[in-house]
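Input: a single structure, listed below in structure tokens.
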Amino acid sequence: MRLTSISDETARKALLDSRGFVRWIYIARLSLAVALLVAALLAGGRPDPTATIVASLTFAAAVAFTAGSAWTSLVQRRPLGATFFYLQSLFDLGLVTAVVHVTGRSASPFVALYILVIAAGSLLLPPGGGLLIAALGNVVFFTDVILSRESAIDVALWLQLGIFAIVALGSGFIAGRLRQGAVGREQLAAELVQARLEAADILHNIRSGIVTVDVEGRLLYANPAASSLLGADLEARISQPFLDWLEPIAPILAGALRQSVTTRERIVRAEGEVTRDGTTMTIGVTTTAPEAPAEEGHGLATSTAIFQDISNNKRLESLRVRAERLEAVAEVSASLAHEIRNPLASIRSAVEQLAQARHATEHDRVLGALVMRESDRLSRLLGEFLDFARTRATVIEPVDLNDVVRGATNLAAAHPSRADDVVVSCSTPEAPIVIEADEDLLHRAVFNLALNAVQAVPRGGRVDVDVLPLPPDEVPAGAGFGGGAVALRVTDDGPGIPLDLRERMFDPFFTTKEGGTGLGLPVVHRAVEAHRGLVLVDTGTHGTRFTVLLPLAQSGSNEES
-5 MRLTSISDET ARKALLDSRG FVRWIYIARL SLAVALLVAA LLAGGRPDPT
45 ATIVASLTFA AAVAFTAGSA WTSLVQRRPL GATFFYLQSL FDLGLVTAVV
95 HVTGRSASPF VALYILVIAA GSLLLPPGGG LLIAALGNVV FFTDVILSRE
145 SAIDVALWLQ LGIFAIVALG SGFIAGRLRQ GAVGREQLAA ELVQARLEAA
195 DILHNIRSGI VTVDVEGRLL YANPAASSLL GADLEARISQ PFLDWLEPIA
245 PILAGALRQS VTTRERIVRA EGEVTRDGTT MTIGVTTTAP EAPAEEGHGL
295 ATSTAIFQDI SNNKRLESLR VRAERLEAVA EVSASLAHEI RNPLASIRSA
345 VEQLAQARHA TEHDRVLGAL VMRESDRLSR LLGEFLDFAR TRATVIEPVD
395 LNDVVRGATN LAAAHPSRAD DVVVSCSTPE APIVIEADED LLHRAVFNLA
445 LNAVQAVPRG GRVDVDVLPL PPDEVPAGAG FGGGAVALRV TDDGPGIPLD
495 LRERMFDPFF TTKEGGTGLG LPVVHRAVEA HRGLVLVDTG THGTRFTVLL
545 PLAQSGSNEE S
């Protein structure tokens, strides 16, 4: 936090309202000038011409000077600096001297007005200014008394001069202490303003949503991230009932805030869903407990919730669990395939010999052919099991992803299972996108995804295969794509994947296709994982999108290629 020094001008502003103070000085000055003029004109007996002239000139000067000062300070509202206050104090010294001169000099009852001028100067002027005005006042008063020669320099005169000095010292000391306290308050206020600005800047730019509500459920604060996550302009809902509006959108967030503000319990890492614009995302919520309930008189009870989109985190966790499950299934599949394949080959050979024996009947030959056909089918299935278990990236080299995607898409578009009038579109950037990959394995994964999409859409449907660089802000947190990533998106406008099948679509041997093995998507997942990538699925009641995220090759690899 940056601290700023406090100037004398700032200290004066903190000590008192300078403009309000000089306004009272203007009133007192004009009142004194008017009183002096009236006293000179209406004095009993014959008026003293000299006193009348002095009073008239003093009145005219006071009106002119005060009008100019008021125009500067109150109308134009220019900054009031030390020069302005010195001029005011000097003029007031002259005005008081004129009053004292006309009303009896050292015997004048208005000598005490010097004290007011000195005290005002101590408050308005920088440190030491009050002493300077007091010294100048002593000189002017002493000179006026000496030049008049009407009064001897006695103890009373010296006492008056001493009082002026004491008033200047006392006023200066008090003003200094007040100014020091005001500077401390002003500095503290500056620090608080700076801290508030820094906190506001942090809250404005943080990616987590932050909302604060009171005990009645009214919204007190919401940062921009909260509006973005909830899909609404929360700024417009400040001071309005919030929890009832929030309930259908984010039940977990509304419930956490309500529980926290009423029971003073802190909610930590609650998870729930937010539904907005027909889409659903998972959020994590943490709340703060209010300091004190309103009924105890310690302040209004509030609760603040911090929440963020953890959909990507949940996806990554799901991918990790899926990868572990597929790895375990692959090991079991490989072991069982090896254990079954050899006995199956022996059984097929024995049945073939029995079916071809001389004494075999026609019925025996039909049964033998059936057994051999099913044995061949099981052998092919075991081969697929082994292929699934052996899904590894064996030859890693720089590969242009665009070429792989175009080749696999064209092959899927030419597949016999493609329905009539199905449009298959492939869009790739003009510049090569180089990744480090096993080209054969990657081709197999892309072909499986494209073929699944082609087979999922009915007649007249559409399949789009797109390759595009992934912006850094769209890379899932924790994905580990430090050198950048590329996205392969396979989108179809088919019927979508039913809700009860979404959790099982990557399970080995699970299929809804007649004659399918249920190994297509598991192979895709293992192939992408072998390239340190991710497979994400977005589906609903209409259409499905598979997104494959792959890390880009490092610059060294690009140069070698």
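Note that our numbering numbers the sequence shown so that position 241 is 235, with each residue one more than the last. From the three backbone atoms N, C-alpha and C, an ideal C-beta is built for every residue, glycine too.
| query | result |
| --- | --- |
| Proximity to Arg13 [Cα-Cα], best of Leu68, Arg371, Leu310 | Leu68 |
| Helix, strand or coil at Pro235 according to DSSP, with G and I counted as helix | strand |
| Supposed close pair Val268, Leu237 - CB separation, criterion 8 Å | Wrong, their Cβ atoms sit about 15 Å apart, outside the cutoff. |
| Within the segment 479 to 518, ranges of the beta strand (DSSP E) (whole runs, at least 3 residues) | 479 to 486 |
| Leu464 vs Phe540 beta-carbon contact at 8 Å | no |
| Contact between the segment 221 to 241 and the segment 332 to 352 (3+ Cβ pairs under 8 Å) | no |
| Beta-carbon gap between Ala76 and Val57 smaller than 8 Å | no |
| Cβ-based neighbour list, Met557, same chain, cut-off 6 Å, excluding 5 preceding and 5 following | Residue 557 cannot be examined here, being either before or after the span of the chain that is shown, -5 to 555. |
| Sequence-distant residues of the same chain with beta carbon closer than 6 Å to Val417, five excluded per side | Arg456 |
| Own chain residues within Cβ distance below 8 Å of Ala450, not counting five before or after | Asp486, Gly488, Pro489, Thr538 |
| Reduced DSSP secondary structure (H/G/I, E/B, other) of His536 | coil |
| Residue interval of the alpha helix (DSSP H) (run including Ile246) | 245 to 257 |
| The segment 259 to 267 contacting the segment 203 to 220, beta-carbon criterion three pairs below 8 Å | no |
| Status (buried if at least 16 other CB within 10 Å, exposed otherwise) for Ser297 | buried |
| Residue of His353, Val459, Ala33 minimising C-alpha distance to Leu395 | Val459 |
| Exposure of Glu289, with buried meaning 16 or more beta-carbon neighbours within 10 Å | Any reading at Glu289 must be qualified, since the residue scores a pLDDT of 46, below 50, and its modelled position is unreliable; no value is offered. |
| Under 8 Å between C-beta atoms of Phe15 and Leu118 | yes |
| Local Cβ density within 10 Å of Arg71, reported as buried at 16 or more and exposed below that | exposed |
| Beta-carbon gap between Leu435 and Val480 smaller than 8 Å | no |
| Same chain only: Cβ atoms within 6 Å of Gly534, ignoring 5 sequence neighbours per side | Gly490 |
| Straight-line Cα distance separating Ser343 from Glu368 | 13 Å |
| Span separating the alpha-carbon of Pro235 from that of Asn199 | 25 Å |
| Alpha-carbon spacing of Leu543 relative to Lys308, whole angstroms | 16 Å |
| Residue from Leu87, Val134, Thr97 with nearest C-alpha to Ala114 | Leu87 |
| beta-carbon Gly249 near the ligand SAM non-hydrogen atom, thresh 7 Å | The model depicted lacks the ligand SAM and carries no ligand whatsoever. |
| Three-pair Cβ contact test at 8 Å for the segment 355 to 363 versus the segment 400 to 412 | no |
| Through-space distance from Ile112 to Leu84, alpha-carbon basis | 10 Å |
| Within 8 Å, strictly: CB atoms of Thr91 and Val134 | yes |
| The beta strand (DSSP E) enclosing Pro70, as first and last residue numbers | Residue 70 is actually Gln in this sequence, not Pro. Here Gln70 belongs to no beta strand (DSSP E), and DSSP marks it neither H nor E. |
| Residues near Leu562 in its chain [Cβ-Cβ closer than 7 Å; skip 5 each side] | No answer is possible for residue 562: it lies beyond the span of the chain, which begins at -5 and ends at 555. |
| DSSP-derived helix/strand/coil call for Thr77 | helix |
| 6 Å Cβ shell around Leu495 - same chain, five flanking residues per side excluded | none |
| Selection from Ile277, Ala64, Ile300 that minimises the alpha carbon distance to Leu559 | Since the first residue of the chain shown is -5 and the last is 555, residue 559 is not available in this structure. |
| For Ala216, the first and last residue of its enclosing alpha helix (DSSP H) | No alpha helix (DSSP H) contains Ala216, which is instead part of the beta strand (DSSP E) from 213 to 216. |
| Own chain, CB closer than 6 Å to Arg412, minus 5 neighbours either side, in chain order | Val448 |
| Pick from Ala250, Asp271, Asp227 that is closest to Glu265, judged by C-alpha positions | Ala250 |
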